[in-house]
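Report on one structure; see the data block that follows.
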Amino acid sequence: MSRDFQQTHENLLLCAQKHFLEYGFERASIREICKDAHVTNGAFYNHFDDKEALFGALVEPVVQEVKAIYEASVNEHIELAKTDDLKSLWKLSEETLSVIIEYIYEHFDVFRLLLMRAEGTRYSSFLDDVVCLETRVTLKFFAELKSRGIQVRELAEEEWHILLHAYFASLAEVVMHNFPKEAALRYVHTLASFFNSGWQTVLEI
Numbered sequence: 001m002s003r004d005f006q007q008t009h010e011n012l013l014l015c016a017q018k019h020f021l022e023y024g025f026e027r028a029s030i031r032e033i034c035k036d037a038h039v040t041n042g043a044f045y046n047h048f049d050d051k052e053a054l055f056g057a058l059v060e061p062v063v064q065e066v067k068a069i070y071e072a073s074v075n076e077h078i079e080l081a082k083t084d085d086l087k088s089l090w091k092l093s094e095e096t097l098s099v100i101i102e103y104i105y106e107h108f109d110v111f112r113l114l115l116m117r118a119e120g121t122r123y124s125s126f127l128d129d130v131v132c133l134e135t136r137v138t139l140k141f142f143a144e145l146k147s148r149g150i151q152v153r154e155l156a157e158e159e160w161h162i163l164l165h166a167y168f169a170s171l172a173e174v175v176m177h178n179f180p181k182e183a184a185l186r187y188v189h190t191l192a193s194f195f196n197s198g199w200q201t202v203l204e205i
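According to the UniProt record's numbering, the stretch in the sequence shown is residues 1 to 205, in order.
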């Protein structure tokens, strides 16, 4: 890949992020993005198949990393469950939340795209996709607890989805309302205390 090609590619991404943030996916124009990037419309298609591919190039790496963070987290929780140290599970959940907040603020504009500007793309269901992922890994985690003889109240998968959606919608507020990072990190402790108490009551553990 030539240096000029790479620079043009990066410039298109930079300009696209600005336009998507301002106008959203549906209202953003390839023509205006190209104009801002000083690239012809024809040259654009040397880099991206279409507008959605351009949007995907901005957000897909973060989507994949979010999945990796959750998979690593559930593995940590499962390993900790094997020690029967249930009190430490709630501490680990709060630590995981802090990791997520740090990651969000490293890629804040991309999360704004995913949560607020993705209508019209396959990423418009990002929050619900995260909830579905968390529902699956949560059920896997509690199956591990039950296999060790730890009694956990049974919840329907739909109940888990509702509760976890409330949890992640609360977390999304830091992005949607543009909270400063310091405030978000404080908010995490409140969120963790609120939901951890709720989980323990609902699950009777």
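From the three backbone atoms N, C-alpha and C, an ideal C-beta is built for every residue, glycine too.
Inside the region 119-203, DSSP marks whole alpha helix (DSSP H) runs of 4 or more residues at positions 126-147, 157-176 and 181-203, from first to last along the chain. Distance between F20 and V63, taken at the CA atoms: about 17 angstroms. For V174, the CB contacts under 6 angstroms within the same chain, skipping 5 residues up- and downstream, are A184 in chain order. Take the alpha-carbon of L80 and the one of L115: they are about 32 angstroms apart. For A68, the three-state secondary structure derived from DSSP is helix.
For the 8 angstroms CB-CB criterion, F55 and T121 form a contact. Of the residues assessed, Q6 falls on the exposed side of the cut-off, its CB having fewer than 16 other CB atoms within 10 angstroms. Assignment of K82 by DSSP, reduced to helix, strand and coil, places it in the coil class.
Per DSSP, reduced to three states, the secondary structure at D49 is coil, with no helix or strand assignment. When the alpha-carbon of E119 is set against those of A16, G24 and Y103, the nearest one is in G24. Non-local beta-carbon contacts of V59 in its own chain, meaning distances under 7 angstroms to residues more than five positions away in sequence, involve V110, L113, L114 and Y123 in chain order. Contact between the region 28-42 and the region 2-16 is present, with at least three C-beta pairs closer than 8 angstroms. Considering only S88, V202 and F168, the residue with the shortest C-alpha distance to E154 is V202.
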